[in-house]
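Asker: Can you read through this structure? Questions will come right after.
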Amino acid sequence: SGFGTERVEADIRALLPAARVTRVDRDTVRRRGAIAGVLSQMAAREIDVLVGTQMIAKGHDFPEVTLVGVVSADVGLGMPDFRAGERTFQLLTQVSGRAGRGTRPGIALVQTLYPEHYSIQHAVDQDYGGFFESEMTFRRAMRYPPVASLINVIVRGPSEGEAMDLAADLATRVRQKQSGDLRVLGPAPAPLSRIKGEHRVQFFVKGTARGRMREALTAAVDARADARRRISIDVDPLSVL
5 SGFGTERVEA
15 DIRALLPAAR
25 VTRVDRDTVR
35 RRGAIAGVLS
45 QMAAREIDVL
55 VGTQMIAKGH
65 DFPEVTLVGV
75 VSADVGLGMP
85 DFRAGERTFQ
95 LLTQVSGRAG
105 RGTRPGIALV
115 QTLYPEHYSI
125 QHAVDQDYGG
135 FFESEMTFRR
145 AMRYPPVASL
155 INVIVRGPSE
165 GEAMDLAADL
175 ATRVRQKQSG
185 DLRVLGPAPA
195 PLSRIKGEHR
205 VQFFVKGTAR
215 GRMREALTAA
225 VDARADARRR
235 ISIDVDPLSV
245 L
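This is the structure we're talking about:
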């Protein structure tokens, strides 16, 4: 049983008992200089198989790597985040770029339950233009940035009920000033519903008239000045988790 880098490492050691296998994740790189040590070992060709999280995919040059495997490549697609497809394409492009950087060609193997998803298809084909067109089609249909503006309002509270009550009050006040294509979605518990003991509830304000959106939200927050420190606002957020 088990999953993640430890499970992958164990399986590889069982399949390739003679291979020199190293794992890189939060547990193994807490010591200062650990990453640099692994990179030095890779450069000296003292590692046959490197198992790791996303941290090994970004910004590292491994010229003699000829095979890259991505386990559960689609896990991000299950996240309630409109940028999930973009993040998946970006990650797969970065990871696959680690293979074949030397004199020998490389290959990337991708494990996925959704091989037909456009982010995976375009990543496999290294088709940046195709991905852009597919992603923009999705965002136009759903009215997500950059087609429209999106404001994420996160409300914190000592209990979910208190956070929900405040978020519902704010959302209602914004709806009272709703006009044009301005829309309010939610509130609902945030995907990361509790951080450092505080409960988190969120709602979204969506539309193309950013000035009108800002006015409606500012009026709502000003009306609840007593709770201002419990409210966070993120315009066109990079993540909605």
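Residue 203 in the working numbering sits at position 199 of the sequence shown, with consecutive numbering throughout.
Ideal placement from N, C-alpha and C gives every residue a C-beta, glycine not left out.
Output the distance between the C-alpha atoms of Gly6 and Asp185, rounded to the nearest integer angstrom.
Answerer: Numbered from its first residue, the sequence shown carries residue 6 at position 2. Numbered from its first residue, the sequence shown carries residue 185 at position 181. Summary for Gly6: the model assigns pLDDT 46, below 50, so the residue's position carries little reliability; its value from the coordinates is reported in the next sentence. So the two alpha carbons sit approximately 47 Å from each other.
Asker: Relative to the alpha-carbon of Arg233, which residue among Glu139, Arg91, Ile60, Arg160 has its alpha-carbon at the smallest distance?
Answerer: Residue 233 sits at position 229 when you count from the first residue of the sequence shown. Nearest C-alpha to Arg233: Arg160.
Asker: Ignore the nearest five residues each way along the sequence and tell me which others in Ser163's own chain have a CB closer than 7 Å to its CB.
Answerer: Numbered from its first residue, the sequence shown carries residue 163 at position 159. Taken in chain order, the residues that qualify are His203.
Asker: Rounded to the nearest angstrom, how far is the Cβ of Arg179 from that of Gly211, given a contact under 8 Å?
Answerer: Along the sequence shown, read from residue 1 onward, the residue named residue 179 stands at position 175. Along the sequence shown, read from residue 1 onward, the residue named residue 211 stands at position 207. The Cβ separation is near 12 Å, so there is no contact.
Asker: Using the Cα positions of Leu242 and Gly215, report the straight-line distance between them to the nearest angstrom.
Answerer: Against the sequence shown, residue 242 aligns to sequence position 238. Against the sequence shown, residue 215 aligns to sequence position 211. Answer to the nearest angstrom: the Cα atoms are 20 Å apart.
Asker: Taking only three categories from DSSP, how would you classify Gln182?
Answerer: Counting from 1 along the sequence shown, the entry for residue 182 is found at position 178. Three-state result, Gln182: coil.
Asker: Whose C-beta lies closer than 7 Å to the C-beta of Asp173 among residues of the same chain, with five residues either side of it excluded?
Answerer: Along the sequence shown, one-based indexing puts residue 173 at 169. Excluding sequence neighbours, Asp173 sits near Arg228.
Asker: Helix, strand or coil: which one does DSSP assign to Gly6?
Answerer: Here residue 6 is taken as the residue at index 2 of the sequence shown, counted from 1. Its pLDDT being 46, under 50, Gly6 is placed unreliably in this model, and the coordinates cannot settle the point.
Asker: According to the neighbour-count rule (16 or more other Cβ atoms, all chains shown, within 10 Å of its Cβ), is Arg27 buried or exposed?
Answerer: Locating residue 27 in the sequence shown gives position 23, counting from the first residue. Buried, because 16 or more other Cβ atoms sit within 10 Å of the Cβ of Arg27.
Asker: Is it right to say Thr222 is buried, meaning 16 or more other beta carbons lie within 10 angstroms of its own, or is it exposed?
Answerer: One-based indexing of the sequence shown puts residue 222 at position 218. Burial call: exposed.
Asker: Using DSSP's beta-bridge definition, name the partner residues of Thr2.
Answerer: There is no way to answer for residue 2, as the model of the chain reaches only from 5 to 245.
Asker: For Ala247, which residues from the same chain have a beta carbon less than 8 Å from its beta carbon, with the 5 sequence-adjacent residues on both sides left out?
Answerer: Residue 247 lies beyond the stretch modelled for the chain, which goes from 5 to 245, so this question has no answer here.
Asker: What are the start and end residues of the beta strand (DSSP E) that includes Phe208?
Answerer: Residue 208 sits at position 204 when you count from the first residue of the sequence shown. Element bounds for Phe208: 202-211.
Asker: Note down, one range per segment and in chain order, each beta strand (DSSP E) of at least 3 residues found wholly within the stretch 65-98.
Answerer: 71-74, all fully within the stretch 65-98.
Asker: Gln130: buried (16+ other C-beta within 10 angstroms of its C-beta) or exposed?
Answerer: The sequence position of residue 130 within the sequence shown is 126, counting from 1. The residue is exposed, with fewer than 16 neighbouring Cβ atoms inside 10 Å.
Asker: May I ask which residues mark the beginning and end of the alpha helix (DSSP H) holding Ser123?
Answerer: Counting from 1 along the sequence shown, the entry for residue 123 is found at position 119. Taken as a continuous stretch (DSSP letters only), the alpha helix (DSSP H) holding Ser123 covers 122-129.
Asker: If you drop the 5 nearest sequence neighbours on each side, which residues of the same chain put their C-beta closer than 6 Å to that of Ala220?
Answerer: Indexing the sequence shown from 1 puts residue 220 at position 216. Excluding positions up to five away in sequence, the list reads Val178, Lys181.
Asker: Considering only residues of the same chain and omitting the five flanking positions on each side of Ala231, which have a CB-CB separation below 7 Å?
Answerer: Position 227 of the sequence shown holds residue 231. Cβ within range, chain order: Leu170.
Asker: Determine the burial state of Gly80: buried for a count of at least 16 other Cβ atoms within 10 Å of its Cβ, exposed for fewer.
Answerer: Here the question's residue 80 lines up with position 76 in the sequence shown. Its Cβ being crowded by 16 or more others within 10 Å, Gly80 is buried.
Asker: Thinking C-beta only, is Val55 closer than 8 Å to Gly3?
Answerer: Here the chain has residues from 5 to 245 only, and residue 3 is not among them.
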